[in-house]
Structures are given as structure tokens and as C-alpha cells.
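Enquirer: Here's a structure for you.
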Amino acid sequence: MSHLMTWILLLLPALYWTVLVSAAPAASITTVTTNPGAKIGLAWANGDDPSLVHFKTAKVSLLYTWSPSFPSNAKALGFHPVPMLWGKNQVSSFKKLVVKGYSDTVLGFNEPNESGQSNLTAAQGASLWKEYIQPLKNEGYTLISPATSSNPNGMVWMKAFIKACGSTCTVSCAERILIAVLIESFQFDGFATHYYDVTSSGLIDYINLWHKTFGKPIWLTEFACQVCPTSHMHS
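The numbering of the sequence shown is my numbering, which starts it at 2 and goes up by one.
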């Protein structure tokens with residue numbers, strides 16, 4: 002059975018933003034959060050814009066900003082902020098901010114499989130993960146994988162990344178068993194991905210495939226009813 006965390010996505014500045022909402026999940030998909038009544042997270046790129054208050058409801062609990070930082074009023078409004086190490090250009094601020102007690106969950110890199118995003122090889126991603134994210138497990142953090150795009154090379158990248166994290170292992174077995182062993186060895190608590198397409202069935206199939214492949218809760222941290230690239234977004 003799949004485990005799915007969904008998000009409202011606010012991509013653009015405050016005066017020009019779009020809320021992207023998923024189709025209803027199939028019966029085979031359940032939602033796992035720290036609060037069973039709070040099924041939605043907010044992806045927020047608008048800093049301290051006061052309009053943030055309008056997006057906090059009983060069902061919207063988590064918040065991330067594609068960075069290690071949060072709006073100054075996020076916690077006061079009742080959000081549970083989740084820091085992200087977007088890519089190698091954020092290492093300095095990530096090291097400074099993301100310490101024990103800052104949060105309890107951390108997100109990995111943003112679309113490392115895309116040249117226009119964090120653009121990391123699997124080996125580069127593994128190196129950054131092991132140096133800056135993996136140690137946070139000992140500080141009480143839940144570790145969520147990098148979020149790849151729904152480009153077909155996204156899952157290819159993720160498998161290569163997992164293997165690169167365990168490049169010193171001597172395990173020799175079928176790929177699926179090896180990946181399962183490495184996931185447990187490196188304590189991935191969940192896997193993040195993005196999805197942009199125009200059918201709800203495609204989204205459901207995609208999430209089920211990720212859960213079947215990696216066997217962990219799936220965090221869908223960006224999604225929209227659109228095909229990229231495009232200049233239009235449809236709510």
C-alpha cells in the first residue's frame with residue numbers, strides 16, 4: 002500500500018502565485034503524517050509575505066521553502082517547517098541553521114536530475130548527503146530523499162544515488178535487494194518526488210511505482226495538472 006504526503010504548491014511571488022491541487026487519491030493510497038487530520042504541506046516561495054496566514058488551516062500542517070529557512074511567522078501560525086538542502090549552493094546556510102531542535106524532518110536536494118535545478122550527479126548527491134544530511138539522523142531528524150522530477154531519468158537518478166551512497170558496500174545481489182539494503186543502511190525515512198502531467202490516473206500509477214520500488218513513504222512535494230515545459234499553470 003502506498004503512503005503519500007501531498008502539498009499545496011506556491012511557485013511564484015505573492016502577487017502572482019498559483020495553488021496546485023491534486024485529484025482525489027485512489028483507495029489504495031493512504032496518507033501518513035504526524036497529525037492524521039493534517040494531510041497537506043505548503044511549498045512557499047514568498048518569504049515573510051503576510052498572506053501566509055491565509056493558507057494555514059487544520060489540514061495544512063507542514064511548510065517548506067526550497068531552502069533551510071522559513072518565514073519568521075511560520076511557527077507562530079502553526080506550521081511545522083521542514084528545511085531543505087536545495088543544492089550545493091546552500092551548504093553554508095544549511096550547516097548554520099539545521100541543527101538539533103531546529104526541526105525534526107529534512108528534505109534532500111531539489112530536482113538533482115535536472116540541469117536547470119540543483120543539477121547533481123548521483124555521486125555528488127551522495128557526497129553531499131553523507132556529509133550534511135545523514136549526520137542529522139543522530140540529531141533526531143527524519144530524512145527524506147532528494148526530490149527528482151517526473152522526467153523518466155528521475156528514478157534512474159534516484160537508484161544511482163542510493164547505490165552511490167553505499168559505494169563502499171560489498172553487497173552483491175539483485176538490484177532490488179541491494180537498493181532495499183542500502184535504503185535501510187543509510188536510513189532513508191521517505192522518498193520525495195515531483196509530478197507534472199494531466200491525468201490523475203498517471204499520478205496515482207507514478208506514486209504507486211515509487212512506493213513499490215523504494216518501499217518507503219512517498220512525499221509528493223511538487224505537482225500540477227500540466228505538462229512541462231509550459232508557460233501556463235492550471236489550478
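Cβ atoms here follow ideal geometry from the backbone N, Cα and C, with glycine treated the same way. In this text the structure is predicted, and so the values were computed from the model without any measurement.
(1) Output the distance between the C-alpha atoms of N209 and K101, rounded to the nearest integer angstrom.
(2) Buried or exposed: where does P77 fall if 16 or more other Cβ atoms within 10 Å of its Cβ makes it buried?
(3) Could you tell me if S151 is buried or exposed, where buried requires 16 or more neighbouring beta carbons within 10 angstroms of its beta carbon?
(4) Confirm, please, whether the CB-CB distance from L121 to G88 is below 9 Å.
(5) Using a 10 Å radius around the Cβ and a threshold of 16 neighbouring Cβ atoms, would you call H212 buried or exposed?
(6) Count the other C-beta atoms from every protein chain shown that fall within 10 angstroms of the C-beta of G117, then say buried if there are 16 or more, exposed otherwise.
(7) Just to confirm my understanding: we take N154, look at its own chain, exclude 5 residues before and 5 after, and list those with CB closer than 8 Å. What are they?
(8) Considering only residues of the same chain and omitting the five flanking positions on each side of L137, which have a CB-CB separation below 6 Å?
(9) Based on DSSP bridge pairs, tell me the residues matched to H81.
(10) For a test of the three-state rule: what should DSSP assign to P26, helix, strand or coil?
(11) Which partner residues does E140 have in the DSSP bridge list?
(12) Under three-state DSSP, which class holds Y196?
(13) Could you give the DSSP three-state label for P51: helix, strand or coil?
(14) Around the C-beta of A75, are 16 or more other C-beta atoms found within 10 angstroms, so that it is buried, or is it exposed?
(15) What does a CB cutoff of less than 7 Å around Y196 pick up in its chain, not counting 5 residues either side in sequence?
(16) Per DSSP, what are the beta-bridge partners of T149 in this structure?
(17) To the nearest angstrom, how far is it from the Cα of Q227 to the Cα of E112?
(18) Just reading off the alpha helix (DSSP H) that N163 is part of, what are its end residues?
(19) Between which two residues does the alpha helix (DSSP H) holding W211 run?
(20) Would DSSP call W87 helix, strand or coil?
Expert: Inspection of the coordinates gives the following:
(1) 33 Å
(2) At residue 77 the sequence reads Ala, which differs from the Pro that was named. Exposed, since its Cβ has fewer than 16 Cβ neighbours within 10 Å.
(3) buried
(4) Result yes, Cβ atoms of G88 and L121 sit closer than 9 Å.
(5) buried
(6) exposed
(7) N114
(8) V107
(9) Looking at the DSSP output, H81 bridges to L63.
(10) Caution applies to P26, whose pLDDT of 35 falls short of 50 and renders its modelled position unreliable; the model cannot decide the point.
(11) DSSP, once it has assigned bridges, lists no residue as partnering E140.
(12) Looking at Y196 - three-state DSSP - the assignment turns out to be strand.
(13) helix
(14) buried
(15) S151, L204, Y207, L221 and F224
(16) T194
(17) 17 Å
(18) Reading off the sequence shown, one finds Ile at residue 163, where the question assumed Asn. Run containing I163: N154 to C166, per the alpha helix (DSSP H) assignment.
(19) S201 to F215
(20) coil
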